[in-house]
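Asks: Chains as they are written, first to last, in the numbering used here: chain A, 13 to 304; chain B, 481 to 1018.
Beta carbons are placed, not taken as given, at the ideal position from N, Cα and C, and that holds for glycine.
This structure is a prediction, so every number in the text was calculated from the model and none was measured.
For reference, the structure I am asking about is given below.
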């Protein structure tokens, strides 16, 4: 009986690992393929000979990126935008979520209704664009930060988390003479590290991948984030194939590897960030979701 | 008695709540009224001591900074000291996403780059651009003198002209190209007829033209999922139209869409046969734009339909894989419906919005670029003095020949890298284009004209120049001048349905007779007749 159960247990475990292994393979293979392309010579890429291992190993694409024109400028821009926007977003999200998490806030339901309403019915693009233009944010990084200062979903997650914390902790702090800011800073936030880091990760990823707002609001190419520059590179190549300028064609040599290496370099910061956040990510998102 | 707190917890919470509400209300507030605009009927009065400002939106250069460094922008600024040029550079990708928002919000530059087929109908609907006919007559005679009359057709509405300029560089550059060395090995000639063409595709796929003993070659990889393959469609008297934009020609005194002509069914039946025999690469049905030359360059497709001036580059590229490769161009295959290559016409243009304060100066600026002396400085490929030789003693630009570039070796590559950001459309997108695809202006004096003709001849191989002649000889253009109102509602649906139908028909996924009948029915019931009626009313 025990042996049979043990066999069944082991078989089920094997199936679970097999399923997860297949899933991991499917998820990782495109990434390995892109890495392989980025390190391959152009001809094997065009002939479809590159799968998950480089063919005709070459660092040309990375050299061109490193010494090329706007790529590193865009990288720097993305870093600045991501850092600034995430700081603003976390600050605003906390300042919005905490009062809304307190049951004694007068008109709390009214505020929440307003907030949820705009989450369900966000402003359409043209009025949004005109508003950003009228407040003078066009062509400034502010246009990528202030209109996106609070993500409603993230705010609700944080509010739910705050609500779930024991009231007694807050009450004892108040008895000890703490005001609301001290309660927030010294009681609520230290107890909310998992969810705060999770939301930080959400914001960082969203800001790093920022694309359409930059297209709409930023005209100056020197201020564009990385994702826009990457897309421009691909479009330039496609356009050149249509306009067929001879010099453009010469520049296109090696473009396939260049595209792949751009993707890899753009993904590196997120690849580095995830392992550090992973532990908190799972814990934070589960708590926020279940106790909402 | 405890001391009363001056700032209570409750007050702090209220403050936070009110602040949050205020932020949300501010974000949702309606925008301020747009700034007052002129009616575009003429230039405004210029206050004494102030410079006029003209903004120009364009896609030249890899960045604003690169655009500013370009010869074109520097010449422009130097020649118009009384005008403050506001450089509104935008990347091509950015332009595509941004232009609908700009049109809807009216936020256009004084000189706005756009596409006549996609953007101007929206601009006309929103009534945000001004008529340019009288301005061109007075200030744009250099533009008019070098622009083909037909180029203006797409921006005429109610008999009035709405563009300042259209691209005069040639997008009518398409021709069919073959692996000449494969043809020789197989004992085949460059095909003249559609039957010969089919045989060549089959032989390239099935007769091991590269002689490696493997079945790893194909006749052709179709261009962007059957959206760019008009060379053989014309043999049946029809065309799909580049980018699946449709092709209209006169039939019985009326313009009619090729997509619903019997020849289209014949063309699809022919393609389906070739497909069944393996003549087309299987990725043809899903290939994205910009990828189709890859198969040719990688030496596993023997035929491609592409621009004539890519032929030398393609040959060099293929020779990295197959040193014996030779590329030759061929005529459009002849069939029961005739023969032809589709030209893309003159879609790119500049327009002036109603908000422009100085419309006359806008036209003057563009016209100045079209004066022979200025055009002769800027029409060469390359960045002045870096990737071209600069100006000669007459002030005309001079390009390096392919031999000179080859002799430079790494130095040439370094030069290209040095200015790669400026090189994107030479820093300021203009409708003049570059020597690669443009002929010297008819307004050039004879010696200037000869200078550029000689340069063009030295720039390309004999095969490339022969391809150029073929692309012109078999050129066909759609006879529909511009989009019509009904297209906004019906065309996307017709495009999608037709694209779906032809892909399935070619791959043999549907019965052709039944599919054809269903497609005709769909066309009839989904705006096809209304579009046809409006096209004939232009």
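Can you list, in chain order, the residues of its chain whose CB lies under 8 Å from that of residue 268 of chain A, leaving out five sequence neighbours each side?
Replies: So the list reads 49, 54, 57, 58, once near-sequence residues are dropped.
Asks: Are residue 109 of chain A and residue 170 of chain A close, meaning C-beta to C-beta below 8 Å?
Replies: Contact: yes.
Asks: Find the residues of chain B that neighbour residue 247 of chain A, judging by a C-beta separation of less than 8 Å, and give them in chain order.
Replies: Residues of chain B passing the Cβ test: 571, 572, 573, 576.
Asks: Mind pulling the chain A residues with CB within less than 8 Å of residue 777 of chain B?
Replies: Ordered by position in chain A, the residues that pass the 8 Å Cβ test against residue 777 of chain B are 58.
Asks: Please confirm whether residue 711 of chain B and residue 812 of chain B have their CB atoms less than 8 Å apart.
Replies: Result yes, Cβ atoms of residue 711 of chain B and residue 812 of chain B sit closer than 8 Å.
Asks: With DSSP as the reference, identify every bridge partner of residue 871 of chain B, one or two as the case may be.
Replies: Paired residues: B/877.
Asks: Please give the ranges of any alpha helix (DSSP H) in the segment 687 to 720 of chain B, keeping only runs that are unbroken, at least 4 residues long and fully inside the region.
Replies: The segment 687 to 720 of chain B contains these whole alpha helix (DSSP H) runs: 710 to 713.
Asks: Can you tell me which residues form a DSSP beta bridge with residue 658 of chain B?
Replies: Answer by DSSP bridge pairing, in chain order: B/783, B/808.
Asks: Exposed or buried, which one is residue 822 of chain B when buried takes at least 16 other CB atoms within 10 Å?
Replies: Residue 822 of chain B should be labelled buried.
Asks: Nearest chain A C-beta to residue 759 of chain B closer than 8 Å, yes or no?
Replies: No, no contact with chain A.
Asks: Tell me whether residue 514 of chain B is buried or exposed, calling it buried when 16 or more other Cβ atoms sit within 10 Å of its Cβ.
Replies: Its pLDDT being 36, under 50, residue 514 of chain B is placed unreliably in this model, and the coordinates cannot settle the point.
Asks: Are there three or more Cβ pairs, one per stretch, closer than 8 Å when the segment 610 to 617 of chain B is compared with the segment 839 to 857 of chain B?
Replies: The segment 610 to 617 of chain B is in contact with the segment 839 to 857 of chain B.
Asks: Distance check for residue 60 of chain A and residue 755 of chain B, CA to CA, integer angstroms please.
Replies: Approximately 21 Å between the Cα atoms of the pair.
Asks: Does residue 519 of chain B pass the burial test, meaning 16 or more other C-beta atoms within 10 Å, or should it be called exposed?
Replies: Any reading at residue 519 of chain B is ruled out, since the residue's pLDDT is 43, under 50, leaving its predicted position unreliable.
Asks: Would you kindly report the start and end of the unbroken alpha helix (DSSP H) that includes residue 1012 of chain B?
Replies: Per DSSP, residue 1012 of chain B belongs to the alpha helix (DSSP H) from 1008 to 1017.
Asks: Is there a Cβ from chain B that is less than 8 Å from the Cβ of residue 211 of chain A?
Replies: No - not a single Cβ of chain B is within 8 Å of the one on residue 211 of chain A.
Asks: If you drop the 5 nearest sequence neighbours on each side, which residues of the same chain put their C-beta closer than 8 Å to that of residue 688 of chain B?
Replies: So the list reads 694, 695, 697, once near-sequence residues are dropped.
Asks: Residues in its own chain within less than 6 Å of residue 625 of chain B by CB, not counting five upstream and five downstream?
Replies: Around residue 625 of chain B: 923.
Asks: Quick one: residues in its chain with C-beta nearer than 7 Å to the C-beta of residue 226 of chain A, no 5 flanking neighbours on either side, listed in chain order?
Replies: Excluding residues within five positions, the ones whose Cβ falls inside 7 Å are 156, 236, 237, 240.
Asks: If contact means a Cβ-Cβ distance below 7 Å, which residues of the segment 585 to 597 of chain B contact chain A?
Replies: From the segment 585 to 597 of chain B, only 585, 587 have a Cβ closer than 7 Å to chain A.
Asks: At 7 Å on the CB atoms, spell out the chain B contacts of residue 137 of chain A, in chain order.
Replies: The answer, in chain order, is 581.
Asks: Using three-state DSSP, classify residue 38 of chain A as helix, strand or coil.
Replies: Helix.
Asks: If distances are taken between C-alpha atoms only, which option among B/996, B/845, B/1000 comes closest to residue 620 of chain B?
Replies: Minimum Cα distance to residue 620 of chain B is reached at B/845.
Asks: So, using beta-carbon positions, are residue 576 of chain B and residue 537 of chain B closer together than 8 Å?
Replies: Against a cut-off of 8 Å, the Cβ pair of residue 537 of chain B and residue 576 of chain B comes out as no contact.
Asks: Look at the alpha carbon of residue 565 of chain B and the alpha carbon of residue 859 of chain B, and state the distance between them as a whole number of angstroms.
Replies: Computed Cα separation, rounded: 21 Å.
Asks: Whole-angstrom Cβ separation of residue 997 of chain B and residue 706 of chain B, contact assumed at under 8 Å?
Replies: About 20 Å separates the two Cβ atoms, so there is no contact after all.
Asks: Could you tell me which whole alpha helix (DSSP H) segments of length 4 or greater appear in the segment 172 to 200 of chain A?
Replies: The segment 172 to 200 of chain A contains these whole alpha helix (DSSP H) runs: 179 to 187.
Asks: Examine chain B for any beta-carbon lying closer than 8 Å to the beta-carbon of residue 19 of chain A, and answer yes or no.
Replies: No, residue 19 of chain A does not count as interfacial toward chain B.
Asks: Comparing the C-beta of residue 227 of chain A with each C-beta of chain B, is any distance below 8 Å?
Replies: So yes, residue 227 of chain A belongs to the interface.
Asks: If we cut at 8 Å on Cβ distances, does residue 543 of chain B have a partner in chain A?
Replies: Answer yes: the Cβ-Cβ gap between residue 543 of chain B and chain A drops below 8 Å somewhere.
Asks: I'd like to know whether the C-beta of residue 278 of chain A is nearer than 8 Å to at least one C-beta of chain B.
Replies: Not closer than 8 Å to any Cβ of chain B, the Cβ of residue 278 of chain A fails to qualify, so no.
Asks: Between residue 96 of chain A and the rest of its own chain, which residues show a CB-CB distance below 8 Å, the 5 nearest in sequence each way excluded?
Replies: So the list reads 153, 157, once near-sequence residues are dropped.
Asks: For the structure I just gave you, are there three or more beta carbon pairs, one from the segment 967 to 976 of chain B and one from the segment 1007 to 1017 of chain B, closer than 8 Å?
Replies: Result yes; three or more Cβ-Cβ pairs closer than 8 Å.
Asks: From what residue to what residue does the beta strand (DSSP E) around residue 568 of chain B run?
Replies: Note, residue 568 of chain B: beta strand (DSSP E), 563 to 569.
Asks: For the segment 800 to 833 of chain B, list every residue whose C-beta sits within 9 Å of some C-beta in chain A, in sequence order.
Replies: Taking 9 Å as the Cβ-Cβ cut-off against chain A, the residues of the segment 800 to 833 of chain B that qualify are 800, 801, 824.
Asks: Using DSSP with H/G/I as helix, E/B as strand and the rest coil, what is residue 761 of chain B?
Replies: Reduced to three states, the DSSP call for residue 761 of chain B is coil.
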